[in-house]
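Here is the structure we will look at.
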Amino acid sequence: MPQFVLIDQSVKGPGGHHFDYARNVLLAAEAAGYEIALATHHSFRRGDLLPESCAIYPYFRHTTYSRFTAFQSIPTDDDTTTGRGQPQFAARGLRRRFLSQLFAGARRLFQSGPDRRIQRFARSCQRLFEQIELQPGSHVFLPTLSELDLAGLAGFLSEHPTSHRAHWHLQFHFNVFQGREPDYAEQRHRLRQLQGRFASTLATVPHHKLYCYTTSEGLAEQYGRLDVAEFLPLAYPINPVFHADLHRQRAPGPRRIITAGAVRAEKGHGEIERLARRLADRGLTAESCQFIVQYKGSRASERADWVEGPAPAEAARTAPPISLAKHPLDLEAYTELIRDADIGLCLYDSGRYYVRRSGVLCEFLSAGIPVIVPAGCWLSQQIAEPNERYLEALAAQLPTVARHDLGPARCPAGTVADELTIEVPSAAREAILVCQFPADFPRGVFLRVDVTEWDTAARKSGHDAVILRPCWGGNLAHAMFHIGESAQRIAIRLSNAYHDAPLNLSAVSVSWHGTPDGGQTRPPLGCVGRIVADADYYDAAIAEMLQNYQHYRDTARAFATDWYAAHAPERTLRQLIDRAEEPKPDSGTHRSAA
Numbered sequence: 022m023p024q025f026v027l028i029d030q031s032v033k034g035p036g037g038h039h040f041d042y043a044r045n046v047l048l049a050a051e052a053a054g055y056e057i058a059l060a061t062h063h064s065f066r067r068g069d070l071l072p073e074s075c076a077i078y079p080y081f082r083h084t085t086y087s088r089f090t091a092f093q094s095i096p097t098d099d100d101t102t103t104g105r106g107q108p109q110f111a112a113r114g115l116r117r118r119f120l121s122q123l124f125a126g127a128r129r130l131f132q133s134g135p136d137r138r139i140q141r142f143a144r145s146c147q148r149l150f151e152q153i154e155l156q157p158g159s160h161v162f163l164p165t166l167s168e169l170d171l172a173g174l175a176g177f178l179s180e181h182p183t184s185h186r187a188h189w190h191l192q193f194h195f196n197v198f199q200g201r202e203p204d205y206a207e208q209r210h211r212l213r214q215l216q217g218r219f220a221s222t223l224a225t226v227p228h229h230k231l232y233c234y235t236t237s238e239g240l241a242e243q244y245g246r247l248d249v250a251e252f253l254p255l256a257y258p259i260n261p262v263f264h265a266d267l268h269r270q271r272a273p274g275p276r277r278i279i280t281a282g283a284v285r286a287e288k289g290h291g292e293i294e295r296l297a298r299r300l301a302d303r304g305l306t307a308e309s310c311q312f313i314v315q316y317k318g319s320r321a322s323e324r325a326d327w328v329e330g331p332a333p334a335e336a337a338r339t340a341p342p343i344s345l346a347k348h349p350l351d352l353e354a355y356t357e358l359i360r361d362a363d364i365g366l367c368l369y370d371s372g373r374y375y376v377r378r379s380g381v382l383c384e385f386l387s388a389g390i391p392v393i394v395p396a397g398c399w400l401s402q403q404i405a406e407p408n409e410r411y412l413e414a415l416a417a418q419l420p421t422v423a424r425h426d427l428g429p430a431r432c433p434a435g436t437v438a439d440e441l442t443i444e445v446p447s448a449a450r451e452a453i454l455v456c457q458f459p460a461d462f463p464r465g466v467f468l469r470v471d472v473t474e475w476d477t478a479a480r481k482s483g484h485d486a487v488i489l490r491p492c493w494g495g496n497l498a499h500a501m502f503h504i505g506e507s508a509q510r511i512a513i514r515l516s517n518a519y520h521d522a523p524l525n526l527s528a529v530s531v532s533w534h535g536t537p538d539g540g541q542t543r544p545p546l547g548c549v550g551r552i553v554a555d556a557d558y559y560d561a562a563i564a565e566m567l568q569n570y571q572h573y574r575d576t577a578r579a580f581a582t583d584w585y586a587a588h589a590p591e592r593t594l595r596q597l598i599d600r601a602e603e604p605k606p607d608s609g610t611h612r613s614a615a
């Protein structure tokens with residue numbers, strides 16, 4: 022029987038995305054006829070979530086996360102986000118500076134730390150494959166690697182001739198660069214540092230069958246800049262339980278707004294209390310909705326639904342409550358948390374997640390749960406296309422009142438942006454903005470559109486903002502704005518969303534529309550989910566989604582079918598196997614690792 026061995030040194034026990042990822046792939050491999058094995062962190066203990074046929078080897082001393090890895094130089098905490106979505110790094114404070122200086126000296130005493138981790142990884146691999154005799158055609162998959170782990174693996178491979186028998190699949194999910202493409206040039210030192218480490222490591226194993234992967238297309242492009250191997254994006258395997266029974270009904274009660282996953286600064290969990298207060302200002306109370314936040318700490322209950330909200334009499338006058346769910350939950354409880362959500366709220370830092378995949382978002386979308394995500398990142402890209410198609414179709418369906426073609430537009434550098442003022446036609450209740458981008462519009466650049474309404478007394482009566490760029494393969498982007506009854510004119514301000522550089526648009530137009538019932542019922546602003554410009558607009562997006570909830574739920578369920586098909590574990594496995602079966606170059610050195 023062919024072998025499939027999965028090594029994830031960060032799997033410490035059942036629960037969490039490392040374990041679920043491994044389990045999903047291993048079950049798919051067993052169903053395909055492979056003899057399966059899992060190598061984990063030394064603290065792992067077998068539960069009942071893996072089949073008895075899966076051999077377990079808890080041999081690895083360290084997880085992939087380390088202060089010694091070059092990837093750790095990308096900040097991972099203590100950041101905030103400005104209203105325009107640009108990452109800013111908060112002052113660390115005297116206490117943090119003192120501790121940093123104190124430990125800096127101690128850290129110098131352990132300069133051999135990286136070498137120790139590399140050697141321990143190599144020894145763990147040696148111990149593992151003393152127990153598992155690799156057969157020709159075996160597959161070994163390492164879904165979470167740093168450059169230190171790679172060096173340890175290469176050290177093992179170069180010393181053990183039998184390792185040539187197997188196909189080695191190596192996946193990387195850390196960012197090479199911080200930010201977006203215009204930010205990459207300033208990080209050339211990181212590129213050279215990682216390029217040197219990867220090149221020197223891979224040079225030690227030129228004839229092994231190595232295949233390199235990343236968790237997203239954007240990450241594959243970043244790693245491709247190292248010019249040391251061919252990195253391909255690998256489908257992220259989602260547990261089929263999230264996609265099962267899409268149309269089941271949840272018990273009546275307030276809408277459950279779930280923010281799931283480990284609490285980290287870049288996931289914006291600190292915004293929840295502020296968001297609840299703003300929803301209360303909009304008239305949404307505990308009768309309307311509640312927040313459930315996964316939290317790693319003793320304050321969280323074992324299950325989210327054990328935390329009770331206010332009594333019904335109090336609910337009518339209190340802000341939406343915030344309940345805590347333990348992190349990590351066991352698989353059953355976590356699955357119920359996701360599937361029982363009404364809205365999946367992803368308060369992630371847009372810059373950090375520009376190319377970074379969110380496993381939580383993958384699960385929400387597989388379960389047919391409408392989501393709210395930040396603009397300008399991997400998360401928004403996943404629902405941008407259905408939203409674009411929806412708005413394009415809606416523009417053709419709604420009664421058209423007028424149209425303004427504004428011609429080409431240039432957004433200069435700096436904080437001052439072009440502003441266009443337009444009179445609102447009578448009977449207009451909706452405005453659909455269409456921006457045409459040039460074919461050479463640079464990657465990583467986004468257009469911010471701010472729309473301000475003014476009433477007959479020249480008073481500001483409303484404001485909204487969106488961040489746009491064309492979907493892959495197209496050159497148009499649409500955005501819709503509800504127009505207030507008192508609005509006499511609107512001012513449209515165009516600017517570069519994240520960078521101090523000019524940008525040009527080929528054409529800008531605004532079509533004005535009425536509604537069939539004269540504006541009593543407003544069409545939803547999107548489908549499947551909402552994309553928000555920045556933290557100031559989450560409350561408006563939640564309120565609008567709750568008002569049009571059935572529409573968002575129905576479109577999310579329809580979207581889930583194709584989404585899950587692209588993320589089924591069988592597809593992940595098939596990509597691995599198919600790549601290994603591709604014809605090899607005549608030189609005998611596989612391009613994927615040379």
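If you use this note's numbering, the sequence shown closes out at 615, no skipped numbers anywhere.
Using N, Cα and C, we set each Cβ at its ideal position, and we do this for glycine too.
Residue i and residue j closer than 8 Å at C-beta
{"i": "R450", "j": "H534", "result": "yes"}
{"i": "I343", "j": "I293", "result": "yes"}
{"i": "D422", "j": "I404", "result": "Note that residue 422 corresponds to Val in the displayed sequence, not to Asp. Taking 8 Å as the Cβ cut-off, V422 and I404 do not qualify as a contacting pair."}
{"i": "T593", "j": "V46", "result": "yes"}
{"i": "F458", "j": "L526", "result": "yes"}
{"i": "S309", "j": "P275", "result": "yes"}
{"i": "L352", "j": "L27", "result": "no"}
{"i": "L386", "j": "V394", "result": "no"}
{"i": "L515", "j": "V553", "result": "no"}
{"i": "L305", "j": "A564", "result": "yes"}
{"i": "V445", "j": "I511", "result": "yes"}
{"i": "S74", "j": "E51", "result": "yes"}
{"i": "L155", "j": "Q24", "result": "yes"}
DSSP bridge partner residues for residue i (one or two, in chain order)
{"i": "I293", "result": "Per DSSP, none; premise fails for I293."}
{"i": "C233", "result": "L191 and F252"}
{"i": "S530", "result": "D426 and V455"}
{"i": "I278", "result": "F312 and I364"}
{"i": "I359", "result": "Bridge partners of I359: none, in fact."}
{"i": "F40", "result": "Answer by DSSP bridge pairing: none, since F40 is not bridged."}
{"i": "A498", "result": "C456"}
{"i": "D302", "result": "Beta-bridge pairing links D302 to no other residue."}
{"i": "Q24", "result": "E56"}
{"i": "V445", "result": "V445 is not bridged to any residue."}
{"i": "V553", "result": "P395"}
Inter-residue Cα distance where the pair is residue i and residue j
{"i": "A281", "j": "A479", "result": "43 Å"}
{"i": "F92", "j": "L169", "result": "10 Å"}
{"i": "V376", "j": "Y244", "result": "11 Å"}
{"i": "D41", "j": "D370", "result": "24 Å"}
{"i": "F65", "j": "P35", "result": "8 Å"}
{"i": "A414", "j": "E406", "result": "12 Å"}
{"i": "H63", "j": "D29", "result": "11 Å"}
{"i": "P341", "j": "D266", "result": "28 Å"}
{"i": "T477", "j": "A430", "result": "27 Å"}
{"i": "A522", "j": "D361", "result": "44 Å"}
{"i": "A241", "j": "G495", "result": "21 Å"}
{"i": "L163", "j": "L223", "result": "16 Å"}
{"i": "H160", "j": "A388", "result": "30 Å"}
{"i": "R271", "j": "I313", "result": "15 Å"}
{"i": "P9", "j": "Y585", "result": "The first residue shown for the chain is 22 and the last is 615, placing residue 9 beyond what the model contains."}
{"i": "A601", "j": "K230", "result": "8 Å"}
{"i": "E603", "j": "L597", "result": "10 Å"}
{"i": "A325", "j": "H268", "result": "At A325, the pLDDT of 41 sits below 50, so the modelled position is not reliable; the number obtained from the coordinates is stated separately. Each residue's alpha carbon lies about 22 Å from the other."}
Residue interval of the alpha helix (DSSP H) (run including residue i)
{"i": "D136", "result": "G134 to Q152"}
{"i": "F263", "result": "No alpha helix (DSSP H) contains F263, which DSSP labels as neither H nor E."}
{"i": "C310", "result": "Looking at the DSSP string, C310 is not in any alpha helix (DSSP H); the run it does join, the beta strand (DSSP E), is C310 to Y316."}
{"i": "E565", "result": "Y559 to Q568"}
Boundaries of the beta strand (DSSP E) in which residue i is found, first to last residue
{"i": "A508", "result": "A508 to N517"}
{"i": "E602", "result": "No beta strand (DSSP E) holds E602; DSSP gives it neither H nor E."}
{"i": "H484", "result": "K481 to L489"}
{"i": "L419", "result": "No beta strand (DSSP E) contains L419, which DSSP labels as neither H nor E."}
{"i": "Y78", "result": "A76 to F81"}
{"i": "A346", "result": "I343 to K347"}
{"i": "N162", "result": "In the sequence as presented, Asn is not what sits at residue 162; that position holds Phe. Taken as a continuous stretch (DSSP letters only), the beta strand (DSSP E) holding F162 covers H160 to L163."}
Proximity test, residue i beta-carbon vs the ligand GTP heavy atom, cut-off 7 Å
{"i": "I504", "result": "Among the components of this structure there are no ligands whatsoever, and the ligand GTP is therefore not found."}
Is it true that the segment 188-207 meets the segment 224-238, where meeting means three or more beta-carbon pairs spaced less than 8 Å apart? Flag = yes, the segment 188-207 and the segment 224-238 touch.
Are there three or more Cβ pairs, one per stretch, closer than 8 Å when the segment 201-208 is compared with the segment 463-483? Cβ pair count under 8 Å is three or more, so yes.
I'd like to know if the segment 566-573 and the segment 541-550 are in contact, where contact means that at least 3 CB-CB pairs between them fall below 8 Å. When C-beta atoms of the segment 566-573 are compared with those of the segment 541-550, three or more pairs fall below 8 Å, so the two segments count as touching.
Touch test, the segment 176-185 against the segment 495-510, Cβ-Cβ under 8 Å, three pairs minimum: Judged by Cβ distances under 8 Å, the segment 176-185 makes no contact with the segment 495-510, as fewer than three pairs qualify.
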